[in-house]
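>
Protein chains: 2
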Amino acid sequence: MRHRARGTPGQGAAGRVAAGEEVFRRYLASQKLKMTGERRRILAEVFSTTEHFGADELHLRFVDKRIPMSRATIYRALDHLVKSGLVRRVYLDQKRAFFEHVYGRKHHEHMICLSCGKVIEFSDDPLEQRQDKVCRDLKFRPLRHSLRIVGLCQKCQ
Amino acid sequence: MRHRARGTPGQGAAGRVAAGEEVFRRYLASQKLKMTGERRRILAEVFSTTEHFGADELHLRFVDKRIPMSRATIYRALDHLVKSGLVRRVYLDQKRAFFEHVYGRKHHEHMICLSCGKVIEFSDDPLEQRQDKVCRDLKFRPLRHSLRIVGLCQKCQ
DNA sequence: AGTATCTTGCGACTGAGTCGCAGTAACAAC
DNA sequence: GTTGTTACTGCGACTCAGTCGCAAGATACT
Numbered sequence: 006m007r008h009r010a011r012g013t014p015g016q017g018a019a020g021r022v023a024a025g026e027e028v029f030r031r032y033l034a035s036q037k038l039k040m041t042g043e044r045r046r047i048l049a050e051v052f053s054t055t056e057h058f059g060a061d062e063l064h065l066r067f068v069d070k071r072i073p074m075s076r077a078t079i080y081r082a083l084d085h086l087v088k089s090g091l092v093r094r095v096y097l098d099q100k101r102a103f104f105e106h107v108y109g110r111k112h113h114e115h116m117i118c119l120s121c122g123k124v125i126e127f128s129d130d131p132l133e134q135r136q137d138k139v140c141r142d143l144k145f146r147p148l149r150h151s152l153r154i155v156g157l158c159q160k161c162q
Numbered sequence: 006m007r008h009r010a011r012g013t014p015g016q017g018a019a020g021r022v023a024a025g026e027e028v029f030r031r032y033l034a035s036q037k038l039k040m041t042g043e044r045r046r047i048l049a050e051v052f053s054t055t056e057h058f059g060a061d062e063l064h065l066r067f068v069d070k071r072i073p074m075s076r077a078t079i080y081r082a083l084d085h086l087v088k089s090g091l092v093r094r095v096y097l098d099q100k101r102a103f104f105e106h107v108y109g110r111k112h113h114e115h116m117i118c119l120s121c122g123k124v125i126e127f128s129d130d131p132l133e134q135r136q137d138k139v140c141r142d143l144k145f146r147p148l149r150h151s152l153r154i155v156g157l158c159q160k161c162q
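Line order of the protein sequences matches chains X and L. Residue 6 is where the first sequence starts when you use the numbering used here, and the numbers rise one by one after that. Residue 6 is where the second sequence starts when you use the numbering used here, and the numbers rise one by one after that.
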C-alpha cells in the first residue's frame, strides 16, 4: 500500500507546465483546436498547484490577479484538459465537480474526512487487481473507476 | 464474487414495504418527526421498484397517478429515508442524485456502461476487505464508500 | 378537544454548468 | 505579411437540480 502526500512532484512546477503544454498542444492539434493565450494561462494555473479545485475557484484566481477570463472559457478549457488526459474530474462531494491534474502522477483514490474535510489520496495495487478480476468475471471492460471512502481521519476520530 | 440481478428480493414487495415502514416510523419517532400520508406514500413507491430512480422521476410517478405531491416534499422525504438508512443516495452520473432502497439488500457497487447506460450491481468480499485494510493502514475510519466502474458491458464491447 | 409542533405546497431562489451569438484571434496558404 | 477560414472568447441569458421561507393544514400528545 502506497500513500503519497500531495506536493511532492517528481519535477518542478515549471517543468511540469512545459511538458503538460506540449501534451495539450498535441491533443489540440489532433482535434483541430487552437492553442490560445487563455488556454495556456489556464493550463499553467492548473499545474501550479497540486490541490483539488473547483471551476469557480480557478476562475477566482484569475479575477484576483486581474487577468481577464470568463467563466465559460474556464469551463470549456477544463473540458478539453480532461479529454486530453491531463486533468481528472473527481466528485469529492455532490455539489460540484473538482479537478486535479494527473499528468505524471499515479492513479489514486480518495478518502474524505466528514469532520474536517481533509482529502487523503491513496493507491493500492491489490485493490486495483481485484477490481480487474471482478470486471473480467462479469465480462465488463473497465475504462475508468473511482473509489470514494467517506469517514473520519485519524485526528477527527 | 457475487452478482445478484435486480428484482430478486428475499420477500414480496408488500412485505418489504411493511417492514420498511416500521423502520421508518422508528426513525421518525427518534427524531421527533411525524409519519404523514405523504411520507407513507413515498416510502411505498420507493419500495415498489428495485431500480435506481431520480427525485424528479419519483415525483412524476405521483403526477401520473394523479396523486398530489410537491417536489419539495419528495426531496425532503428522500433526505429522511436516506438518514434512516432505508435508502441510499448514489451518484451514477454527475448530473443528479439517484436513489435505491437498501433495506434488506447486501451492500453493492456499480458498473456503468458508457454505451447503453446499463447499471450492473456487484459485490465482492475480498474487495471490501482490502479497502478495510487500506483504511486501517492509514488510520482512517471508513463510514461508507462507493466504487463506480465506468466502461463497456459485454454486449457493447 | 386543545395545543404545540411539525409538515405541506407554493413559488421564488440558488448555484453550477451550458449555450447562442457577435466580435476577435489563431493559423495555414499564398 | 495579407488573406481567408475556422475556432475562440465574453457576454448574458438560460437550464436544471435542489433548497428555502412562509402561511395554511396535519399530527400527535395530554
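Just so you know, even glycine gets a beta-carbon here, dropped at the ideal spot from N, CA and C.
1) For X:L63, which residues from the same chain have a beta carbon less than 8 Å from its beta carbon, with the 5 sequence-adjacent residues on both sides left out?
2) Going by DSSP in three states, X:L91 sits in which element: helix, strand or coil?
3) Given that X:S151 touches chain L, what residues does it touch there, using C-beta distances under 8 Å?
4) Using only the alpha-carbon positions, how far apart do X:C158 and L:F58 sit?
5) In angstroms with no decimal places, state the Cα-to-Cα distance between X:T55 and L:R44.
6) Are at least three pairs of beta-carbons, each pair with one atom in the stretch 121 to 131 of chain L and one in the stretch 111 to 124 of chain X, less than 8 Å apart?
7) Identify whether X:H112 lies in helix, strand or coil by the three-state DSSP scheme.
8) Can you tell which of X:V87, X:I72, X:D61, X:M74 has the C-alpha that lies nearest to the C-alpha of X:V28?
9) Three-state secondary structure (DSSP) at L:R101?
10) How big is the Cα-Cα spacing for X:L119 and L:L148?
11) Runs of 4 residues minimum, wholly inside the stretch 57 to 82 of chain X: which ones carry the alpha helix (DSSP H) assignment?
12) Under the rule that 16 or more other beta-carbon atoms within 10 Å means buried, what is X:V139, buried or exposed?
13) Buried or exposed for X:Q36, please, with buried defined as at least 16 other CB atoms from any protein chain shown within 10 angstroms of its CB.
14) Could you name the residues of the same chain whose beta carbon sits closer than 6 Å to that of X:C121, not counting the 5 residues immediately before and after it, in chain order?
15) For chain X, find out if any of its Cβ atoms is closer than 8 Å to the Cβ of L:Q36; answer yes or no.
16) Classify L:V22 as buried or exposed, calling it buried when 16 or more other Cβ atoms lie within 10 Å of its own Cβ.
17) Looking at L:V92 and L:V107, is the spacing between their C-beta atoms short of 8 Å?
18) I need the straight-line Cα distance from X:D142 to L:L132, nearest angstrom please.
19) Output needed in chain order: residues of the stretch 83 to 107 of chain L with a Cβ under 7 Å from some Cβ in chain X.
20) Using a Cβ-based criterion (distance less than 7 Å to any ligand heavy atom), does L:R135 qualify as near the ligand FAD?
21) Measuring alpha carbon to alpha carbon, tell me which residue in X:D98, X:Y32, X:V155 is nearest X:I117.
22) Could you tell me which residues DSSP puts in a beta bridge with L:C121?
23) With a threshold of 8 Å between beta carbons, is L:R146 in contact with chain X?
24) Say whether chain L places a C-beta atom closer than 8 Å to the C-beta of X:C140.
25) So, L:L152 versus X:H85, is the Cβ gap smaller than 8 Å?
26) Given that a residue counts as buried once 16 or more other Cβ atoms are within 10 Å of its Cβ, and exposed if not, what is X:S75?
27) Please go through the same chain and pick out, in chain order, the residues whose beta-carbon is closer than 8 Å to the beta-carbon of X:A60, but skip the five residues on each side of it.
28) Kindly indicate the opening and closing residues of the alpha helix (DSSP H) around X:G20.
Per the coordinate set shown:
1) I47, E50, V51, I79, L83, F104
2) Residue state, collapsed to three classes: coil.
3) L152, R153, listed in chain order.
4) About 32 Å.
5) 45 Å
6) no
7) coil
8) X:V87
9) coil
10) 9 Å
11) 60 to 69
12) buried
13) exposed
14) C161
15) Residue contact with chain X for L:Q36: absent (no Cβ-Cβ distance below 8 Å to any residue of chain X).
16) buried
17) Yes, Cβ-Cβ distance for L:V107 and L:V92 is below 8 Å.
18) 14 Å
19) Y96, Q99, A102
20) Although the ligand FAD was asked about, the structure shown includes no ligands whatsoever.
21) X:V155
22) In the DSSP assignment, L:C121 is bridged to no other residue.
23) yes
24) yes
25) Cβ distance not < 8 Å, so L:L152 and X:H85 don't count as in contact.
26) Counting the other Cβ atoms within 10 Å of the Cβ of X:S75 gives fewer than 16, which makes it exposed.
27) For X:A60, where only same-chain residues beyond five positions count, the Cβ hits under 8 Å are R76, I79, Y80, L83, R101, A102, F104.
28) 18 to 35
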